[in-house]
Amino acid sequence: MPPRAQIPAPLAHEPFHVREALALGVSHRRLAGKAYRRLLPAVWAPADLEMTEERWWVAARKYAPADARFTGATRLQQLGLDLGPHRPLQMVVGRDLHRDCPEVFLHRSDVMPAHDDVAVSPEAVFVEVCRWFTVLDAVAAGDWLIKRGLLSLEGLARLCHDEPWRDGAEQARWVARLLDGRSRSVPESHVRLYFQAAGLPRPEVNVPVDVAGTLLTPDWWWRLFRVASEYEGSQHQTHRGQYVADIDRYQLYRSADIEYRQITRELKATPRTVVRRVHEALVAGGYSGPSPRFGVAFQALNRTPREAMAAAPDLTVWTPVAPRR
Numbered sequence: 034m035p036p037r038a039q040i041p042a043p044l045a046h047e048p049f050h051v052r053e054a055l056a057l058g059v060s061h062r063r064l065a066g067k068a069y070r071r072l073l074p075a076v077w078a079p080a081d082l083e084m085t086e087e088r089w090w091v092a093a094r095k096y097a098p099a100d101a102r103f104t105g106a107t108r109l110q111q112l113g114l115d116l117g118p119h120r121p122l123q124m125v126v127g128r129d130l131h132r133d134c135p136e137v138f139l140h141r142s143d144v145m146p147a148h149d150d151v152a153v154s155p156e157a158v159f160v161e162v163c164r165w166f167t168v169l170d171a172v173a174a175g176d177w178l179i180k181r182g183l184l185s186l187e188g189l190a191r192l193c194h195d196e197p198w199r200d201g202a203e204q205a206r207w208v209a210r211l212l213d214g215r216s217r218s219v220p221e222s223h224v225r226l227y228f229q230a231a232g233l234p235r236p237e238v239n240v241p242v243d244v245a246g247t248l249l250t251p252d253w254w255w256r257l258f259r260v261a262s263e264y265e266g267s268q269h270q271t272h273r274g275q276y277v278a279d280i281d282r283y284q285l286y287r288s289a290d291i292e293y294r295q296i297t298r299e300l301k302a303t304p305r306t307v308v309r310r311v312h313e314a315l316v317a318g319g320y321s322g323p324s325p326r327f328g329v330a331f332q333a334l335n336r337t338p339r340e341a342m343a344a345a346p347d348l349t350v351w352t353p354v355a356p357r358r
């Protein structure tokens, strides 16, 4: 490979458009040499440049027309939520445009959604997400955006009302009924939906609870039945300090006569088992409502919102709380 010094400094550290190379005296012939590699149509980079996800976003901006903006899963990832596919990178343009590139998908819209210089608004991102994600992941994305103050239900409702013709708007309006910005993680959002779709009573989400004189904040709290449940990821097992704190917390729940169910990452992989264990705790606390249901509504969680709306329109409604025995 030619010495790194042969690459002009403005081209050395990020992807560049062929126009930039030509302006600096780098010919098409030199670009075809070993010092460079082609990333996308008309977009190149030094051959030894490590392509992080951030650099791929730069490459996409160089490839796309100036009026294109990031949307969908790509914008979620830029905001900090690693959810949804990483390829193709998702962008949108407000006109009829046809470009064929496996790495970058350019959506076309008659009217461009609200946007800044980089991406469409979080509300428009959520509408796009509701076209393609499963119900589980669409809700997790919405919860995450609300929790961080990036998405407002009022703004989302306004967008869906003003632009009902936009693909995903009807689905986003429906999914919005399932959102709860008090969830603190994607797994928490998923598990809450398991409870709802299976017909369990609605829990309070991440509320402080006085447990034997100590304020604890369980992920889900059924006050009437004195049942608490929490999701615990791998950090609860690998970090010694967290592990010890968890043991102390379990003892507090037991000392206060609270039925407690821990949901590990491994247990979450079997959603029906998760629901059954929490239902057992509710029954032990006096719950007299129906047994969990794992029919159409439960199965709809793994389908797109459009499919779920048709199969289980009442999924957004929590089962009324049965009186305590």
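Residue numbers (the working numbering): 34 to 358.
Idealized CB from N, CA, C, for every residue including glycine.
If you count every other CB in all the chains shown that lies within 10 Å of the CB of residue i, and 16 or more means buried, which is it?
i      : result
THR303 : exposed
VAL144 : exposed
ILE280 : exposed
TRP198 : exposed
TRP351 : exposed
SER154 : buried
ASP170 : buried
GLU86  : exposed
GLU156 : buried
ARG305 : exposed
GLN284 : exposed
ALA343 : exposed
LEU161 : Per the sequence shown, residue 161 should be read as Glu rather than Leu. GLU161 is buried by the Cβ-count criterion.
GLU221 : buried
HIS194 : exposed
GLY113 : exposed
LEU44  : buried
Can you list, in chain order, the residues of its chain with a C-beta nearer than 6 Å to that of residue i? Leave out the 5 residues immediately preceding and following it.
i      : result
VAL204 : The identity of residue 204 in the sequence shown is Gln, whereas the question assumes Val. Same-chain partners within the cutoff: CYS163, PRO338, ARG339.
VAL260 : GLU292, ALA314, LEU315, GLY318
ARG132 : LEU139
THR107 : LEU122, GLN123
ARG235 : TRP351
PRO346 : none
ALA330 : ALA230, ALA345, LEU348
ARG256 : none
ASN335 : THR167
In the DSSP assignment, the beta strand (DSSP E) including residue i goes from what residue to what residue?
i      : result
SER222 : Run containing SER222: none in the beta strand (DSSP E); it sits in the alpha helix (DSSP H), 219-231.
GLU265 : 260-265
ASP243 : 242-244
LEU249 : 247-249
ARG70  : 69-73
TRP254 : 253-255
VAL76  : 76-79
At a cut-off of 8 Å, is residue i close to the ligand ATP when judged by its beta-carbon and the heavy atoms of the ligand?
i      : result
HIS223 : No copy of the ligand ATP appears in this structure; indeed no ligand is present at all.
Please return the same chain residues whose Cβ sits closer than 8 Å to the Cβ of residue i, not counting the five positions on each side in sequence.
i      : result
ALA190 : ARG206, ALA209
GLU299 : none
GLU187 : none
LEU246 : One point to set straight first is that residue 246 is Gly, not Leu, in the sequence displayed. None.
GLN110 : GLU86, LEU116, GLY117, HIS119
ARG358 : GLY319, TYR320, SER321
ALA202 : VAL160, LEU192, CYS193, GLU196
LEU130 : PRO98, LEU139, ARG141
ARG71  : LEU64, TRP77
Which same chain residues, not among the five before or five after residue i, have their C-beta less than 7 Å away from its C-beta?
i      : result
GLN295 : GLU263, GLU265
ARG120 : GLU136
PRO251 : VAL242, ALA261, SER262, GLU263
ALA341 : VAL168, ALA333, LEU348
VAL307 : VAL224, TYR227, ILE296, LEU300, LYS301
ILE413 : Since the first residue shown for the chain is 34 and the last is 358, residue 413 is missing from the structure and cannot be characterised.
ALA286 : Per the sequence shown, residue 286 should be read as Tyr rather than Ala. Contacts found: VAL244, ALA261, TYR293.
ARG282 : LEU249
In the DSSP assignment, the alpha helix (DSSP H) including residue i goes from what residue to what residue?
i      : result
PHE159 : 155-165
MET342 : 338-344
HIS61  : 61-64
GLN204 : 202-209
VAL172 : 168-180
GLU87  : 86-96
ARG191 : 186-195
LEU55  : 51-56
ALA330 : 329-333
Entirely enclosed beta strand (DSSP E) segments - the stretch 279-315, minimum 3 residues: 292-297
The stretch 168-176 touching the stretch 208-222, judged by at least three CB pairs closer than 8 Å: yes
Beta strand (DSSP E) runs wholly inside the stretch 108-139, at least 3 long, in chain order: 122-126
At least 3 beta-carbon pairs within less than 8 Å: the stretch 87-99 vs the stretch 47-65: yes
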